[in-house]
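J.:
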Amino acid sequence: MQCKYHPDRKAEYFCSTCHAPLCEECAEELSPGVFTCFQCAMVRQISEVGSKLSEKRSKAEEKKRRKRWGPFQYFLVVSSVLIVVMWGVILLGGQPAPASKVNLAKGGRVLLFMVDAAIKRYAHYEGHRYPESLSELVPRYLAFKGPERAYLNQLSYRKDPVKGYRLTLLYPKKGEMNLILTARGIEYHSSAGGGAQ
-17 MQCKYHPDRK
-7 AEYFCSTCHA
3 PLCEECAEEL
13 SPGVFTCFQC
23 AMVRQISEVG
33 SKLSEKRSKA
43 EEKKRRKRWG
53 PFQYFLVVSS
63 VLIVVMWGVI
73 LLGGQPAPAS
83 KVNLAKGGRV
93 LLFMVDAAIK
103 RYAHYEGHRY
113 PESLSELVPR
123 YLAFKGPERA
133 YLNQLSYRKD
143 PVKGYRLTLL
153 YPKKGEMNLI
163 LTARGIEYHS
173 SAGGGAQ
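Heads up: the sequence shown begins at -17 in the working numbering, then just goes up one per residue.
1) Excluding the 5 residues flanking L124 on each side, which residues of the same chain have their C-beta closer than 6 Å to its C-beta?
2) Give the list of continuous alpha helix (DSSP H) stretches no shorter than 4 residues that lie fully inside the region 79 to 137.
3) With 16 as the cutoff for other CB atoms within 10 Å, does F57 come out buried or exposed?
4) Per the contact definition of three or more C-beta pairs closer than 8 Å, is the region 14 to 26 in contact with the region 39 to 54?
5) Relative to the C-alpha of L149, which residue among R91, E130, K156, G109 is closest?
6) Tell me, please, which residues DSSP counts as bridged to S172.
7) Can you name the residues that DSSP bridges to V146?
8) For A(-7), count neighbouring C-beta atoms within 10 Å of its own C-beta (all shown protein chains included) and say buried if the count is 16 or more, exposed if not.
9) Tell whether a beta-carbon distance below 8 Å holds between C0 and C(-15).
10) Return the CA-CA distance between P113 and L161, expressed in angstroms with no decimal places.
11) Measuring CB to CB, does L64 end up less than 8 Å from L151?
12) Can you list, in chain order, the residues of its chain whose CB lies under 6 Å from that of R140, leaving out five sequence neighbours each side?
13) With a Cβ-Cβ cutoff of 8 Å, do V120 and R103 count as a contact?
14) Specify the secondary structure class of S13 as computed by DSSP and reduced to three states.
15) Tell me the rounded alpha-carbon separation between V97 and Q55.
16) Identify the continuous alpha helix (DSSP H) that holds W69 and give its terminal residues.
17) Answer yes or no: the CB of I72 versus the heavy atoms of the ligand FMN, is any distance below 7 Å?
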């Protein structure tokens, strides 16, 4: 039998992979008594290198997967879950806001301070001007409905060139200090049962 790669030479070995007859020069010994041709040896070596590379890649990817979840990622997940739960409680559960128990018909200081806050909002949004009358505050700055506008009749309001405006109760209770609210603050006067001074 002749060598597959050198037809003029006699074959002394057989390739263990492709079983081709090989001469002494073409045969490569893998292990004692096991020979292979040059082409099969090269294919085997390339496949071994490729399998080693794929093993290294799979190990590197596995390390990446394990390494990806550090303390910061766990913190992010926990905080995100807490935020979602909090919003769920706010939007879907919980107690409704308590209804207002203030009776504006009785007026008093609650109404006075509520209207004062509305006047300050008016001045902020209208270029530091004050309204000519309290009715200009409704409905944009005071959420009073039709019959509630009459509550404004319990207050005395006028623009003041020095202090901006003066707002007070028209009929303060006897024995209480009469509060006069201005753009610069609060003035206190003893009440004699009369209105603004």
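Think of the CB as a built atom: it goes at the ideal place given N, C-alpha and C, for glycine as much as any other residue.
T.: According to the structure shown:
1) A100
2) Correct list: 91 to 107.
3) exposed
4) Verdict: no, contact absent.
5) Out of R91, E130, K156, G109, R91 has the C-alpha closest to the C-alpha of L149.
6) M159
7) Sequence inspection shows Gly at residue 146; the Val mentioned does not correspond to that position. Bridge partners of G146: D142.
8) buried
9) no
10) 20 Å
11) no
12) R148
13) no
14) strand
15) 50 Å
16) 53 to 74
17) Absence of the ligand FMN from the depicted structure is noted, as is the absence of any ligand whatsoever, leaving it without description.
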